[in-house]
Amino acid sequence: MAFRAQARGWRAGPWLALSRARALGTRAAPAPRAVLPFEAVPRCPGNKWMRVLQIWRQQGSESLHLEMHRTFQELGPIFRYDVGGTHMVHVMLPEDVERLQRVESPQPWRPPLDPWLAYRQHRGHKCGVFLLNGPEWRLNRLKLNPDVLSLQAVQKYIPMVDGVARDFSQALRARVLQNARGSLTLDIRPSILYYTVEASSLALFGERLGLLGPSPSPASLHFLQALEAMLRSTAQLLYLPRGLSRWTSARVWKEHFESWDYIVQYANEAIQRIYQELALGRPQHYSGIVGELLLRADLSPEAVRANCIELTAGSVDTTAYPLWMTLFELARNPDVQHALRQESQGAQAGIAENPQTAVTELPLLRAALKETLRLYPVGISVDRQVGSDVVLQNYHIPAGVLNNFLVETLTHEDVKMVYRFIMMPSTLPLLTFRAIH
292 MAFRAQARGW RAGPWLALSR ARALGTRAAP APRAVLPFEA VPRCPGNKWM
342 RVLQIWRQQG SESLHLEMHR TFQELGPIFR YDVGGTHMVH VMLPEDVERL
392 QRVESPQPWR PPLDPWLAYR QHRGHKCGVF LLNGPEWRLN RLKLNPDVLS
442 LQAVQKYIPM VDGVARDFSQ ALRARVLQNA RGSLTLDIRP SILYYTVEAS
492 SLALFGERLG LLGPSPSPAS LHFLQALEAM LRSTAQLLYL PRGLSRWTSA
542 RVWKEHFESW DYIVQYANEA IQRIYQELAL GRPQHYSGIV GELLLRADLS
592 PEAVRANCIE LTAGSVDTTA YPLWMTLFEL ARNPDVQHAL RQESQGAQAG
642 IAENPQTAVT ELPLLRAALK ETLRLYPVGI SVDRQVGSDV VLQNYHIPAG
692 VLNNFLVETL THEDVKMVYR FIMMPSTLPL LTFRAIH
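Residues 292 to 728 (this note's numbering) make up the sequence shown, in order.
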């Protein structure tokens, strides 16, 4: 099945062409040999409290990544940036990121998503790896690795995801063939979102939601709507102090809590079913990540539940949008699309027999996904609080200062990217799918 973009007047940007990436300019003067104090680090102009007011008015920060891009061009590869009471240092050069990683302890401190944290504190729920820091984070991460991130674990749940992907492709092809013109033009985002949630549920809980079928159940649709509402309200509350937003955004907080309540209820019911089935006897086949974690019993049931809830919520948009933009870029680059189709056709028989080989048998596909993540990163920064003093660009950075490692994107005239919770297009590009016989 081929597809092309409906993008009148859009100019195709570079893709799979790292060598053509434009280097970020700087007007900063060469740093002197002597180490300068922290106060000498260039500061981004503007009032820190006016930034808070602007975020509140916009219910997010749509142009944050563009502001950071301009500031790096004006001030150089390092600068200070304050929002309200939060003080940050932004760096962009790979060597500075490497230096920061060297001084980072085995227990890095990351600022938690405050709306997520507020819900757990108010409801008395345990936090998972997305919100933990320190020794507890490291303990949970090490206990999760064997069943979530290790190569052996990935090879176990790849067949599950592969099955969902095949169902998604077949359902889309059926819609294309039902059209008298043999093609279908649509906003593919909702369909990809269905696929992402379906695959995540199966890999985690070993259960299908039926979102790819002709008539999804009301419960499945309610769960999907809760996920979307939770992510939307997170973006609206993320940058505002909790004490302020409780008065200015009470309706958004209500939506956020109600969405999390339903997500937690869904996870609790799924885990309870797994418990009951495990109590009747050890399964003979792999049944998902949660089942493996409960059988291994390295984490408490509460910790398993907390981590799986966060994995459920954190795997939706962060997976859906890169897939969406990969399809968009392939539609604009038919030669790459053709090469990918040839690669997949050549590896089809082997992958059908052993889905685990997809990781090694499709190198061009892996390169395409990596290039999409470079052009359209799911987030614009990685936040860390350094645990010891460090010198960056001849400036002394004291311990405890928050550093943002910015991921720069190329300027594209065809798709304007905005930043809310993750990077996403401001205008929905339509894709036309056409069956290939």
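Beta carbons are placed, not taken as given, at the ideal position from N, Cα and C, and that holds for glycine.
I'd like to know whether the C-beta atoms of residue i and residue j end up nearer to each other than 8 Å.
| i | j | result |
| --- | --- | --- |
| residue 638 | residue 652 | yes |
| residue 598 | residue 436 | no |
| residue 617 | residue 649 | no |
| residue 501 | residue 491 | no |
| residue 632 | residue 473 | no |
| residue 420 | residue 407 | no |
| residue 686 | residue 327 | yes |
| residue 581 | residue 496 | yes |
| residue 377 | residue 693 | yes |
| residue 394 | residue 369 | no |
| residue 586 | residue 595 | no |
| residue 525 | residue 422 | no |
| residue 346 | residue 515 | no |
| residue 621 | residue 483 | no |
| residue 656 | residue 634 | yes |
| residue 654 | residue 449 | no |
| residue 554 | residue 503 | no |
| residue 374 | residue 342 | yes |
| residue 546 | residue 520 | yes |
| residue 493 | residue 605 | no |
| residue 533 | residue 409 | yes |
| residue 666 | residue 476 | no |
| residue 593 | residue 417 | yes |
| residue 607 | residue 529 | no |
| residue 669 | residue 609 | yes |
| residue 489 | residue 467 | no |
Would you mind sorting residue i into buried or exposed? The rule is 16 or more other CB atoms within 10 Å of its CB.
| i | result |
| --- | --- |
| residue 682 | exposed |
| residue 340 | exposed |
| residue 389 | exposed |
| residue 360 | buried |
| residue 411 | buried |
| residue 588 | exposed |
| residue 447 | buried |
| residue 426 | exposed |
| residue 544 | buried |
| residue 539 | exposed |
| residue 663 | buried |
| residue 313 | Its pLDDT being 36, under 50, residue 313 is placed unreliably by the model, and nothing is read from it. |
| residue 485 | buried |
| residue 527 | buried |
| residue 684 | buried |
| residue 536 | buried |
| residue 470 | exposed |
| residue 344 | exposed |
| residue 367 | buried |
| residue 457 | exposed |
| residue 338 | exposed |
| residue 355 | buried |
Name the DSSP beta bridge partners of residue i, please?
| i | result |
| --- | --- |
| residue 400 | 676 |
| residue 369 | 382 |
| residue 693 | 379, 676 |
| residue 329 | DSSP output for residue 329 lists no bridge partner at all. |
| residue 334 | 371 |
State the start and end residues of the unbroken beta strand (DSSP E) segment that holds residue i.
| i | result |
| --- | --- |
| residue 688 | 686 to 688 |
| residue 475 | 474 to 477 |
| residue 683 | 681 to 683 |
Just to confirm the assignment, what range does the alpha helix (DSSP H) spanning residue i have?
| i | result |
| --- | --- |
| residue 513 | 509 to 528 |
| residue 467 | 442 to 469 |
| residue 488 | 480 to 496 |
| residue 426 | 425 to 439 |
| residue 599 | 592 to 605 |
| residue 417 | Premise fails: residue 417 is in no alpha helix (DSSP H) and is neither H nor E. |
| residue 665 | 654 to 666 |
| residue 560 | 541 to 570 |
| residue 582 | 580 to 587 |
| residue 625 | 625 to 644 |
Stretch-stretch touch, CB-based, cutoff 8 Å, three pairs: the region 399 to 407 with the region 673 to 685: yes
Touch test, the region 570 to 584 against the region 377 to 384, Cβ-Cβ under 8 Å, three pairs minimum: no
Validate contact between the region 439 to 457 and the region 542 to 561 using beta carbons, cut 8 Å, 3 pairs: no
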